[in-house]
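Be aware that the sequence shown starts at 538, since it is given in my numbering, and climbs by one per residue.
For glycine and all other residues, C-beta sits at the position ideal for the given N, C-alpha and C.
Below is one structure; the comments refer to it alone.
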Amino acid sequence: MQSYILKGGKIYAQNDFEAKDIVVKDNIISAILDDAKAATFNLPIIELSSDDYVIPGFIDIHIHGSKGADVMDGDVDALAVISKSLYTQGVTSYLATTMTAANEQILKAMLAIKDYNSQTHLDSAKIVGVHLEGPFISPGKIGAQNPNYLQEADVTKMTNWHNACDALIKKITIAPEIKNANKVIEFCNSKNIISSIGHTSCTMAQALEAIEQGCSHATHLFNAMSPIEHRNPGAATALLMSKKVLAELIVDGIHLHPDMVKFTYTIKGSDNIALITDAMSAQSAGEGVFELGGQKVIVKDGQARLENGVLAGSVLTMNKALENVLKFTNCSLYDAVKMTSTNQAKSLGLKKGQIKVGFDAEFVILDKNYQVKQVIG
């Protein structure tokens with residue numbers, strides 16, 4: 538349904554939740570009105586409970602796969618599986634995230650995304666771009682990336698990828714200390730691509746310099762980066778301090794202790810955090826043996842790890858991330874929604890992530906216990 542009235546719930550408004558009705562025409566929010574005025578529109582009505590919360594669809598800017606499928610499969614059918622799985626969790630938009638791999642494999646993955654986006658898909662999360670996680674990262678903070686495919690930063694390769702996929706690249710994770718990183722950051726600035734500091738051994742000074750050059754995101758803050766040390770402050774210190782940086786957080790209670798999540802929220806506030814899943818193909822697929830970037834991953838007890846014990850992404854879902862951040866920080870639902878949708882949309886320049894006239898009609902309906910009841914859009 539492209540045109541309708543969403544009636545009866547409490548909507549995520551400018552400063553709080555308000556009891557308003559939403560008029561949608563051609564999948565765009567046309568009006569936000571009180572009950573009496575909305576009734577004048579001759580449109581189908583979706584009735585909600587007065588206890589329901591209407592929030593923008595979740596936007597996951599760092600996710601590799603779901604339901605047994607991986608972005609790096611380089612296959613339209615795999616992307617369809619991922620997109621349908623994410624939609625059931627409340628994700629309406631996402632950045633399909635690649636891994637450090639051979640150049641041709643990265644290109645294959647991006648071309649599949651381009652093909653996928655040329656088709657129409659119902660009840661599926663939309664791919665709003667590509668997040669390149671690697672290959673321009675540090676061998677010292679490799680995480681679960683494949684060390685066999687690490688590369689020096691290369692503007693020519695970035696240009697070729699950018700052109701081949703019709704400018705689908707919206708974000709790249711990069712280690713500022715590697716050779717020619719500054720040139721790639723400059724290229725990204727010129728193409729409106731977000732440069733995100735991550736998988737890095739850089740010093741605090743190098744991180745601050747990269748931020749001044751234009752890096753505006755932190756890839757899974759604290760994970761796979763030089764840490765906060767009182768005599769040797771690393772990248773994490775600079776990224777935590779800077780109000781210019783939107784920090785990704787994996788709030789599964791495994792990648793970060795809940796108190797570290799609260800610590801980060803206290804310092805950065807709800808406007809400078811983006812909750813992500815960094816989920817791999819095992820998300821919503823149960824326990825067992827999977828693959829990530831050509832490496833074997835064992836999923837057990839809610840944790841995904843390489844054979845050497847290193848965490849290999851997560852099996853977190855965005856609806857669980859919302860639940861966890863509320864519990865870990867004691868923040869309001871309003872602030873939590875900023876961290877699941879609004880901040881991501883703003884950083885990508887999308888007319889999503891807010892319930893405002895002219896914005897995309899992509900909604901998650903939560904019950905009074907903040908559980909996902911319905912996804913629309």
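| query | Would you report the Cα separation of G895 and H792, rounded to the nearest angstrom? | reply | 37 Å
| First through last residue of the alpha helix (DSSP H) which encompasses A742 | 741-750
| Are at least three pairs of beta-carbons, each pair with one atom in the stretch 565-573 and one in the stretch 601-615, less than 8 Å apart? | no
| said: Could you tell me which whole beta strand (DSSP E) segments of length 3 or greater appear in the stretch 824-900? | reply: 825-829, 832-837, 840-843
| request: Report back the beta-carbon spacing between A681 and A849 to the nearest angstrom; my notes put them in contact at under 8 Å. | output: 4 Å
| field | Boundaries (first-last residue) of the beta strand (DSSP E) holding M710 | value | Checking the sequence, you will find Thr at residue 710 rather than Met. Residues 706-711.
| field | Chain-order list of residues whose beta-carbon lies under 8 Å from that of Q642 (same chain, five-residue window excluded) | value | M609, G611
| In chain order, what residues of the same chain have a beta carbon less than 7 Å from the beta carbon of A890, not counting five sequence neighbours either side? | Reading the sequence as shown, one finds Gly at residue 890 and not Ala. The answer, listed in chain order, is P593, I596, S878, T879, Q881, A882, K883.
| As assigned by DSSP and simplified to three states, the class of A638 | coil
| query | According to the Cβ coordinates, are A638 and A646 closer than 9 Å? | reply | yes
| Within 10 angstroms of its Cβ, does Q820 collect 16 or more other Cβ (buried), or is it exposed? | buried
| task | Output the distance between the C-alpha atoms of Y549 and V591, rounded to the nearest integer angstrom. | result | 6 Å
| Just how far apart, CA to CA, sit V665 and G677? | 31 Å
| task | Check whether the stretch 773-786 touches the stretch 740-754, taking contact to mean three or more Cβ pairs, one atom from each stretch, closer than 8 Å. | result | yes
| request: Would you grab the beta carbon distance between Q551 and V909 for me? Rounded to a whole angstrom, and I think it's under 8 Å. | output: No, Q551 and V909 are not in contact; Cβ-Cβ is about 23 Å, not under 8 Å.
| field | Sheet register partners of K591 (DSSP bridge) | value | Looking at the sequence shown, residue 591 is not Lys but Val. Paired residue(s): I548, I902.
| said: Here's the rule: buried if 16 or more other CB atoms are within 10 angstroms of the residue's CB, otherwise exposed. What is L659? | reply: exposed
| field | N760 to L885 span [Cα, whole Å] | value | 23 Å
| request: Give me whichever residues DSSP pairs with A811 in a beta bridge. | output: E785
| task | Can you tell me the Cβ-Cβ gap for L517 and M876, rounded? I've got them flagged as a contact below 8 Å. | result | Nothing in the structure corresponds to residue 517, since the chain is present only between 538 and 914.
| said: Can you tell me whether K889 sits near the ligand HEM, meaning its C-beta is under 8 Å from at least one heavy atom of the ligand? | reply: The ligand HEM is not part of this structure, which contains no ligands at all.
| request: Taking the CB atoms as reference points, tell me whether I730 and A712 lie closer together than 9 Å. | output: no
| field | Per-residue DSSP class, three states only, for F578 | value | coil
| How many Å lie between E749 and A662 at the Cα? | 34 Å
| query | Going by the CB atoms, is the gap between E785 and Q755 shorter than 9 Å? | reply | The displayed chain sequence assigns Ala, not Gln, to residue 755. Yes, these two residues count as a Cβ contact at 9 Å.
| query | Looking only at C-alpha atoms, which of H767, A841, R768, V782 sits nearest to L758? | reply | V782
| Going by beta carbon distance, what residues of the same chain come within less than 6 Å of T629, once the five residues before and after it are set aside? | G594, A662, E899, G914
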